[in-house]
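2 protein chains.
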Amino acid sequence: MTGFRTLILVVFSVLTSAVSVPARAAPDALASWNDGSVKKAIVGYVTSVSQSGSPQLIAPADRIAVFDIDGTIWPEQPVAEVAFMLSRVKDMVVRNPDLRSQPPYDSLFAKGAEILPSLPQADILKIFVDTHSGMTEDDFTTQVREFFYTAKHPLFGVPYARTVYQPMLELIAYLRANGFKIFLSTNGDIAFARAISADYFGVPAENVIGTYFTETVEENGGRLRVVRQPKLGAYSDREGKIGAIARHIGKRPVFVAGNVGSGGDAHMARFSMEGLKPSLQILINHDDAARERAYGSDDRLSLDWAKSYGWQLVSMKSDWKRIFGANSQ
Amino acid sequence: MTGFRTLILVVFSVLTSAVSVPARAAPDALASWNDGSVKKAIVGYVTSVSQSGSPQLIAPADRIAVFDIDGTIWPEQPVAEVAFMLSRVKDMVVRNPDLRSQPPYDSLFAKGAEILPSLPQADILKIFVDTHSGMTEDDFTTQVREFFYTAKHPLFGVPYARTVYQPMLELIAYLRANGFKIFLSTNGDIAFARAISADYFGVPAENVIGTYFTETVEENGGRLRVVRQPKLGAYSDREGKIGAIARHIGKRPVFVAGNVGSGGDAHMARFSMEGLKPSLQILINHDDAARERAYGSDDRLSLDWAKSYGWQLVSMKSDWKRIFGANSQ
């Protein structure tokens with residue numbers, strides 16, 4: 001009967017293993033967040049709107065979360081897209097050296113790239129339009145990918161892919177695991193962010209919303225192509241982020257993550273809060289001079305509204321155990 | 330040893346039951362489609378791009394399917410949104426009786442609603458803009474839902490929800506089961522289609538793309554609201570459908586379903602075909618006077634391109650076993 005006994009023992013062991021696994025603490029989905037009021041508010045909110053039977057339950061179709069990109073899920077000093085613009089200007093000058101003496105490019109070359117943010121708004125817009133239009137969508141995407149393939153973040157000296165905030169990647173995964181759909185909302189060009197959104201942030205291209213150029217459809221070699229025209233279709237910042245959400249999603253988000261910096265996310269945070277469903281707004285406060293930068297205190301609009309409206313202010317310094325992931329920096 | 334033997338028998342029976350289920354034919358996911366070249370092409374394409382190991386495999390992120398709405402997943406004679414426009418005009422006249430004598434509404438009231446399609450394009454556009462703007466997004470959505478709550482299809486005499494084509498619902502489900510993401514592309518107003526897309530077609534609001542109005546963000550009673558302005562932001566038909574896909578999805582679809590009728594879907598079918606990945610285009614041909622309508626032969630552009638480019642022409646008469654589901658009509 002040895003054969004039988006062995007079999008029985010094996011079967012017994014298999015059957016009991018299913019129930020005898022020692023209780024283990026669930027791994028912390030937000031492991032890079034310090035325990036504190038912000039983490040508690042996030043977990044409390046997500047639990048209350050996603051657990052069946054909860055009086056606060058929100059149907060999965062309405063669990064819409066919108067994240068700003070620059071300054072919220074990776075640094076915005078410098079904005080990656082501005083670095084891209086400057087690399088495009090270099091390419092343009094190689095092809096057309098006269099550009100070097102034409103405004104607004106002349107001041108850029110006379111005084112150096114760091115002058116860019118202090119140029120008049122119209123000059124910045126012209127450089128933005130010149131570097132972002134006149135090519136097909138496909139060619140633009142290729143240019144963006146080429147830029148990111150070699151570019152390094154000037155402060156951290158690593159590829160931009162390694163400057164994504166680890167706590168925010170965990171937050172995106174945590175929300176998704178609880179039935180939320182994740183959208184990214186940028187004041188930059190949609191196609192710029194879409195070129196890397198899946199690889200860097202785990203968000204598919206079609207869930208990226210933002211500023212876009214008008215386009216024409218042209219036939220070339222018997223093939224229809226989308227050509228980017230030198231005219232903005234919509235600029236997505238401040239109130240403009242609300243319009244972009246209305247056009248692309250058609251629902252008020254119930255979760256918004258933005259940052260304290262330029263004030264660009266405060267309006268979409270209000271838009272979310274003023275809906276009919278339970279909602280949560282978090283703003284990343286750039287207050288960590290040692291590990292990133294400290295400039296959030298300049299943004300009075302976001303700080304004042306956060307206080308008035310009860311949004312969660314995330315201190316990078318005290319709420320985040322680490323800024324970047326193990327493979328970062 | 331009886332106990333042991335019984336246990337062994339039970340265990341044996343449990344273990345073998347996992348492999349001894351008699352082979353059953355898989356239920357036909359496209360049960361409302363007749364066997365024929367179109368069904369064969371659809372199943373062949375979907376299998377070849379979604380089965381792992383296939384040389385034609387397309388990554389799930391790129392399995393983007395775009396369906397037109399009117400005439401493709403439900404009838405377009407009349408277009409539901411035109412019926413909605415006319416119901417809105419009636420409401421407007423109740424509030425403002427003078428409208429009855431003002432162009433273009435005067436001809437509508439003198440000659441009857443059926444005159445609408447033959448009015449000059451500018452008049453139709455004016456009625457479209459008047460009935461679709463000047464209110465908040467939320468109020469517009471409420472008006473659309475109210476319309477569908479009571480309206481009946483004039484040809485079939487049933488609520489519009491029951492005029493959805495059963496074969497197309499099966500096709501949407503079949504594609505989704507094989508990892509495709511489904512988008513709807515309408516030449517009508519995005520918000521109109523979004524109000525019913527989840528309930529009627531099983532497609533969430535954020536996956537609807539189409540024509541939209543410009544909007545402003547206004548504060549009212551301390552609450553930010555999106556107000557629809559009387560100016561189109563983009564009109565999404567013919568080439569315009571390609572622009573809408575570029576803005577909203579940012580990828581060439583690999584599967585497009587449109588219809589033979591107004592020619593509005595032919596451009597997006599070409600856009601899909603001219604991508605770098607294996608793709609399939611189907612056009613629903615309205616050739617079934619007995620069960621629906623027969624007017625597809627008027628649309629030379631779609632028919633000619635379908636022939637030149639090898640798209641699948643779906644004959645409603647011979648490719649579809651039934652037009653509507655069991656609960657329809």
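So the protein sequences, as listed, match chains A and B.
Quick note on our numbering: the first sequence kicks off at 1 and runs consecutively.
Quick note on our numbering: the second sequence kicks off at 330 and runs consecutively.
Where a beta carbon is used, it is the ideal one built from N, C-alpha and C, also for glycine.
Fair warning: this is a prediction, and the values are worked out from it, not measured in the lab.
Return yes when the Cβ of residue j is within less than 7 Å of the Cβ of residue i, no when it is not.
{"i": "residue 233(A)", "j": "residue 523(B)", "result": "no"}
{"i": "residue 144(A)", "j": "residue 67(A)", "result": "no"}
{"i": "residue 394(B)", "j": "residue 509(B)", "result": "yes"}
{"i": "residue 79(A)", "j": "residue 70(A)", "result": "yes"}
{"i": "residue 545(B)", "j": "residue 518(B)", "result": "no"}
{"i": "residue 308(A)", "j": "residue 285(A)", "result": "no"}
{"i": "residue 604(B)", "j": "residue 581(B)", "result": "yes"}
{"i": "residue 241(A)", "j": "residue 302(A)", "result": "no"}
{"i": "residue 73(A)", "j": "residue 271(A)", "result": "no"}
{"i": "residue 61(A)", "j": "residue 404(B)", "result": "no"}
{"i": "residue 438(B)", "j": "residue 429(B)", "result": "yes"}
Would DSSP call residue i helix, strand or coil?
{"i": "residue 229(A)", "result": "strand"}
{"i": "residue 547(B)", "result": "strand"}
{"i": "residue 310(A)", "result": "coil"}
{"i": "residue 156(A)", "result": "coil"}
{"i": "residue 363(B)", "result": "coil"}
{"i": "residue 388(B)", "result": "coil"}
{"i": "residue 374(B)", "result": "helix"}
{"i": "residue 289(A)", "result": "coil"}
{"i": "residue 67(A)", "result": "strand"}
{"i": "residue 563(B)", "result": "strand"}
{"i": "residue 347(A)", "result": "No statement about residue 347(A) is possible, as the shown extent of chain A runs from 1 to 329 and does not include it."}
{"i": "residue 510(B)", "result": "strand"}
{"i": "residue 281(A)", "result": "strand"}
{"i": "residue 223(A)", "result": "strand"}
{"i": "residue 382(B)", "result": "coil"}
Applying the 10 Å Cβ sphere with the 16-neighbour rule, what's the burial state of residue i?
{"i": "residue 15(A)", "result": "Reliability fails at residue 15(A), whose pLDDT of 44 lies under 50, so the model's placement of it is uncertain and no value is given."}
{"i": "residue 560(B)", "result": "exposed"}
{"i": "residue 313(A)", "result": "buried"}
{"i": "residue 289(A)", "result": "exposed"}
{"i": "residue 152(A)", "result": "exposed"}
{"i": "residue 236(A)", "result": "buried"}
{"i": "residue 350(B)", "result": "Because the pLDDT of residue 350(B) is 47, which lies under 50, any placement of that residue in the model is unreliable, and the question is left without a value."}
{"i": "residue 484(B)", "result": "exposed"}
{"i": "residue 598(B)", "result": "buried"}
{"i": "residue 586(B)", "result": "buried"}
{"i": "residue 141(A)", "result": "buried"}
{"i": "residue 45(A)", "result": "buried"}
{"i": "residue 516(B)", "result": "buried"}
For residue i, I'd like the list of residues in its chain whose CB is within less than 7 Å of its CB, leaving aside the five on either flank, ordered along the chain.
{"i": "residue 442(B)", "result": "415"}
{"i": "residue 466(B)", "result": "520, 555 and 557"}
{"i": "residue 361(B)", "result": "495, 496, 499, 649, 650 and 651"}
{"i": "residue 35(A)", "result": "none"}
{"i": "residue 602(B)", "result": "608, 610 and 638"}
{"i": "residue 448(B)", "result": "433 and 436"}
Can you find the residues in the same chain that come closer than 8 Å, C-beta to C-beta, to residue i, ignoring five residues on each side of it along the sequence?
{"i": "residue 455(B)", "result": "433"}
{"i": "residue 58(A)", "result": "49, 50, 254, 277 and 278"}
{"i": "residue 39(A)", "result": "30, 33 and 319"}
{"i": "residue 526(B)", "result": "513, 532, 533, 534, 536 and 537"}
{"i": "residue 43(A)", "result": "30"}
{"i": "residue 97(A)", "result": "none"}
{"i": "residue 444(B)", "result": "436 and 437"}
Does the ligand PLP have even one heavy atom less than 6 Å from the beta-carbon of residue i?
{"i": "residue 428(B)", "result": "This structure simply doesn't include the ligand PLP, nor any ligand for that matter."}
Could you name the residues of the same chain whose beta carbon sits closer than 6 Å to that of residue i, not counting the 5 residues immediately before and after it, in chain order?
{"i": "residue 392(B)", "result": "508 and 509"}
{"i": "residue 293(A)", "result": "77 and 286"}
{"i": "residue 634(B)", "result": "595"}
{"i": "residue 41(A)", "result": "312"}
{"i": "residue 543(B)", "result": "558, 560 and 562"}
{"i": "residue 123(A)", "result": "104"}
### Query
Taking contact to mean at least 3 C-beta pairs separated by less than 8 Å, is the region 311-323 of chain A in contact with the region 155-170 of chain A?
yes
### Query
Counting pairs of Cβ atoms below 8 Å between the region 417-437 of chain B and the region 500-512 of chain B, do you hit three or more?
no
### Query
On the three-pair Cβ rule with 8 Å, is the region 365-384 of chain B touching the region 455-469 of chain B?
no
### Task
Report yes or no: do the region 353-362 of chain B and the region 483-491 of chain B share at least 3 C-beta pairs separated by less than 8 Å?
no
### Touch test, the region 280-299 of chain A against the region 254-272 of chain A, Cβ-Cβ under 8 Å, three pairs minimum
yes
### Query
Given 8 Å as the limit, is there contact between the region 610-621 of chain B and the region 564-575 of chain B, that is, 3 or more CB pairs closer than that?
no
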